Each structure stands twice: as C-alpha cells, then as structure tokens.
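Scroll down for the structure; my scribbles are underneath it.
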Amino acid sequence: MSRQSRFETTTYREHEIRVRAEQASPDAKWTLWVDVYALGGKRQPRIGCNGLAYATYQEAIAHGFRAGRQLIDGQFETADA
C-alpha cells in the first residue's frame with residue numbers, strides 16, 4: 011500500500027494553521043508538518059516535528075494544531091512585551 015496523508019486547516023487569532031500528517035506505510039507511525047500563515051498571506055517558518063510520531067492521524071493533527079497555536083501565542087506575547 012502506498013503513502014497516506016491528511017491535510018486540515020483552522021484559523022486562530024487572525025492566522026491560518028495548516029497541518030499535514032503523513033504515514034509512509036500501513037505499519038508506520040504518522041508524522042506531521044505545520045505551516046502558519048498570517049491572514050495577509052505571510053508564512054511563518056515551518057514547524058517540522060522531526061522525530062515525533064503518532065499512532066493515529068487524529069493525534070498528529072491535534073498535536074499540529076497545538077504547536078501552531080503555541081507559535082502564534084508566543085508571537086503575541088513577544089509583541090506585547
């Protein structure tokens with residue numbers, strides 16, 4: 011069987027979080043990549059969760075959204091300081 015992938019998006023604090031989870035083979039764990047875009051279109055540095063793997067794509071997607079929200083929250087905290 012070939013590679014599987016899932017792609018989901020959400021918005022948070024005027025940013026779009028795009029999460030892609032991928033499974034290389036049926037027995038492999040899921041890995042993910044997270045891209046965060048300001049609504050104006052500027053992409054933040056990609057969050058590559060290298061070394062982390064998840065049993066289900068739902069776990070991977072949930073972790074990706076958390077990582078994206080943490081990045082955005084960190085930027086707002088820095089701007090407020």
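Going by my numbering, the first residue of the sequence shown is number 11, and it counts up by one from there. C-beta: ideal position from N, C-alpha, C; glycine also. Quick caveat: nothing in here was measured; it's all calculated off a predicted structure.
The residue from 81, 80, 63 and 86 with its alpha-carbon nearest to that of residue 32 is 63. Around the beta carbon of residue 17, fewer than 16 other beta carbons lie within 10 angstroms, which makes this residue exposed. Residue 71 and residue 42 have their alpha carbons spaced roughly 8 Å apart.
Beta-carbon to beta-carbon, residue 28 and residue 21 are separated by about 10 Å, too far to satisfy the 8 Å threshold.
Under the three-state reduction of DSSP output, residue 63 falls in the coil class, being neither helix nor strand. Take the alpha-carbon of residue 51 and the one of residue 45: they are about 11 Å apart. If the five residues before and after residue 66 are omitted, its C-beta is found closer than 7 Å to the C-beta atoms of 40, all from its own chain and listed in chain order. In the three-state scheme derived from DSSP, where H, G and I count as helix and E and B as strand, residue 54 is classed as coil.
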